[in-house]
Amino acid sequence: ILLPSPSSTYPPEPMSQPRAGHAAMKPNQVGQVILYGIPIVSLVIDGQERLCLAQISNTLLKNFSYNEIHNRRVALGITCVQCTPVQLEILRRAGAMPISSRRCGMITKREAERLCKSFLGENRPPKLPDNFAFDVSHECAWGCRGSFIPARYNSSRAKCIKCSYCSMYFSPNKFIFHSHRTPDAKYTQPDAANFNSWRRHLKLTDKSPQDEL
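Residue numbers for the sequence shown follow this note's numbering, so the first one is 1224 and each next one is one higher.
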C-alpha cells in the first residue's frame, strides 16, 4: 500500500508556531512562539498570550534602531502592555530580559507578526516622492484643512501637516486642535478629542486621488 508523503498530506507550517497546548496556559505561565524561525518567550497576560517586544527587537529586528522600531509600532497602531514587576522577574528567569532591565512591553503574537513583516517582509512599500502630499481635514471645533506630507512623518509628534489657511506645520496630534473660523464653517463640539485620538478625527478630503504619483 502506498501512503502519500508528509509534504503532500499536511500544509506548510505557518510563519509562527505557538507552543503546543498554549490555549490551556494559566496567567503568567511562560510559553514560547517560533517567529521567523526564532524562539520568542511568551507570557499570558489578562487571558491573552503576549510576546516580549524587547526580545524581538534584540533578535529579529537587531539591525534596526530603537526609534525605527518605536515609530513603526506607533504607525501600525500597536500598543504595548507593560508587564508587572512579578511578570518582569518571570521574563528575566526565562532568559527573555537581562537582569538589569526595569520594564518590558508585551505585544500579541498577531501584532508581533505584523511588526516583523513590516521590516522583514519581501514586499516593501514603494518609496514616495519627498514632495508627495494628500489633503486631510478634521471637524473638531471650527475644523481645518491641510496637506499631510508622508516624507516628514516619523512619529505622531512630527510636524508633517501643513495648514491650508495659515501654512503653519503641525503634528497630527496637534493639528486636530488647530482650527480656523471660515464664513461657511460650523462649530462642532469636540468629542473628547485628545492627543492620542488623531487617527479617529483626521479624514481624507481628496475624493479623487490621482492614479499616478
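Glycine included, C-beta positions come from ideal geometry on N, C-alpha and C. The model shown is predicted, which means the values in this text are computed figures rather than measured ones.
Residue burial classification, residue i (beta-carbon count within 10 angstroms, cutoff 16)
i: methionine 1391; result: exposed
i: asparagine 1281; result: exposed
i: serine 1324; result: exposed
i: serine 1402; result: buried
i: lysine 1332; result: buried
i: cysteine 1389; result: exposed
i: glutamine 1278; result: buried
i: asparagine 1286; result: exposed
i: isoleucine 1399; result: buried
Residue i (DSSP reduced to helix, strand or coil)
i: histidine 1403; result: coil
i: leucine 1276; result: helix
i: isoleucine 1372; result: coil
i: tyrosine 1392; result: strand
i: histidine 1245; result: With a pLDDT of 45 at histidine 1245, under the threshold of 50, the modelled position of that residue is not reliable, and the figure given next carries that caveat. Residue state, collapsed to three classes: helix.
i: cysteine 1363; result: coil
i: glutamine 1310; result: helix
i: leucine 1266; result: strand
i: lysine 1340; result: helix
C-alpha gap between residue i and residue j, whole angstroms
i: arginine 1295; j: phenylalanine 1355; result: 20 Å
i: serine 1379; j: phenylalanine 1393; result: 10 Å
i: tyrosine 1410; j: serine 1420; result: 19 Å
i: glycine 1270; j: alanine 1298; result: 26 Å
i: arginine 1273; j: arginine 1315; result: 15 Å
Close Cβ partners of residue i (< 7 Å) along its chain, the five nearest in sequence each way excluded
i: phenylalanine 1371; result: Ala1356, Phe1357, Val1359, Cys1383, Ile1384
i: lysine 1426; result: Val1359, Ser1360, His1361
i: serine 1341; result: Arg1295, Leu1299
Own chain residues within Cβ distance below 8 Å of residue i, not counting five before or after
i: asparagine 1251; result: Leu1266, Val1267, Ile1268, Val1309, Gln1310, Ile1313
i: leucine 1436; result: Unreliable positioning characterises leucine 1436 in this predicted model, as indicated by a pLDDT of 39, which lies under 50. A coordinate reading is not provided.
Chain-order list of residues whose beta-carbon lies under 6 Å from that of residue i (same chain, five-residue window excluded)
i: glutamate 1334; result: Ile1301
Stretch pair the stretch 1291 to 1307 + the stretch 1349 to 1368: three plus CB contacts closer than 8 Å: By the Cβ criterion, the stretch 1291 to 1307 is not in contact with the stretch 1349 to 1368, since fewer than three pairs of Cβ atoms, one from each stretch, lie closer than 8 Å.
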